[in-house]
Structures are given as C-alpha cells and as structure tokens.
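My numbering numbers the first residue of the sequence shown as 207 and each following residue consecutively.
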Amino acid sequence: MGIILDCCRGSSYEDIEPSAADRELMRQQQAEAAEKRLAEQEKRGIGNVNAVKRQQKLAEERDKKLSAAENANSGTGLKWQMN
207 MGIILDCCRG SSYEDIEPSA ADRELMRQQQ AEAAEKRLAE QEKRGIGNVN
257 AVKRQQKLAE ERDKKLSAAE NANSGTGLKW QMN
C-alpha cells in the first residue's frame with residue numbers, strides 16, 4: 207500500500223535536490239576515494255614502498271651532484287702545464 211502512495215504523491219524540490227551539506231560531504235568522500243586510488247596505484251607491484259622512495263631520493267641527489275660537478279668543471283676547462 208505504501209508503494210502506491212509514494213508513486214502518487216508529488217515530490218518537492220527538497221526531495222530531489224540534495225542539500226549543500228550533503229553535496230559537501232559527497233565531494234569530501236569523492237576526494238578521499240581519489241586519494242586512496244592514487245596511493246594504491248603508486249604502490250601497486252611494489253613490496254616495500256619506503257625502500258623504493260628512498261632509492262628514488264638517492265638517485266635524485268646523485269643526479270643533482272653530477273650536474274653540479276659538470277657545471278663546475280665546464281667553466282674552468284683543462285689547463286696544460288709544460289715545464
């Protein structure tokens with residue numbers, strides 16, 4: 207009997223449109239879900255995530271040192287000394 211009454215009564219704007227608080231809650235949940243998906247994709251197939259991040263950090267530092275050394279050496283050039 208309740209089904210028939212639900213179909214026959216008119217719906218108001220409040221029933222159709224979610225409130226601002228509901229929309230904000232929904233946005234927050236969607237943002238959290240997106241962050242969770244990104245974190246899962248980042249660590250997919252990796253046994254130890256911290257070790258990989260540490261290796262990446264070391265590689266970046268090594269590259270920075272190499273580029274700094276190349277820049278320092280490129281300005282001076284080689285000097286030949288003959289006695």
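Backbone N, C-alpha and C fix where the C-beta goes; we use that ideal spot for every residue, glycine too. Quick caveat, the model's predicted, so the values are computed rather than measured.
Rounded C-alpha distance that separates residue i from residue j
{"i": "Glu230", "j": "Ala275", "result": "51 Å"}
{"i": "Pro224", "j": "Lys242", "result": "25 Å"}
{"i": "Ala245", "j": "Ala265", "result": "22 Å"}
{"i": "Lys271", "j": "Ile252", "result": "27 Å"}
{"i": "Glu238", "j": "Ala278", "result": "46 Å"}
{"i": "Lys259", "j": "Ser273", "result": "21 Å"}
{"i": "Gln162", "j": "Asp269", "result": "Limits of the chain in this structure are 207 at one end and 289 at the other, which puts residue 162 out of reach."}
N- and C-terminal bounds of the alpha helix (DSSP H) containing residue i
{"i": "Gln236", "result": "226-248"}
Check whether residue i and residue j have beta carbons under 9 Å apart
{"i": "Lys263", "j": "Val255", "result": "no"}
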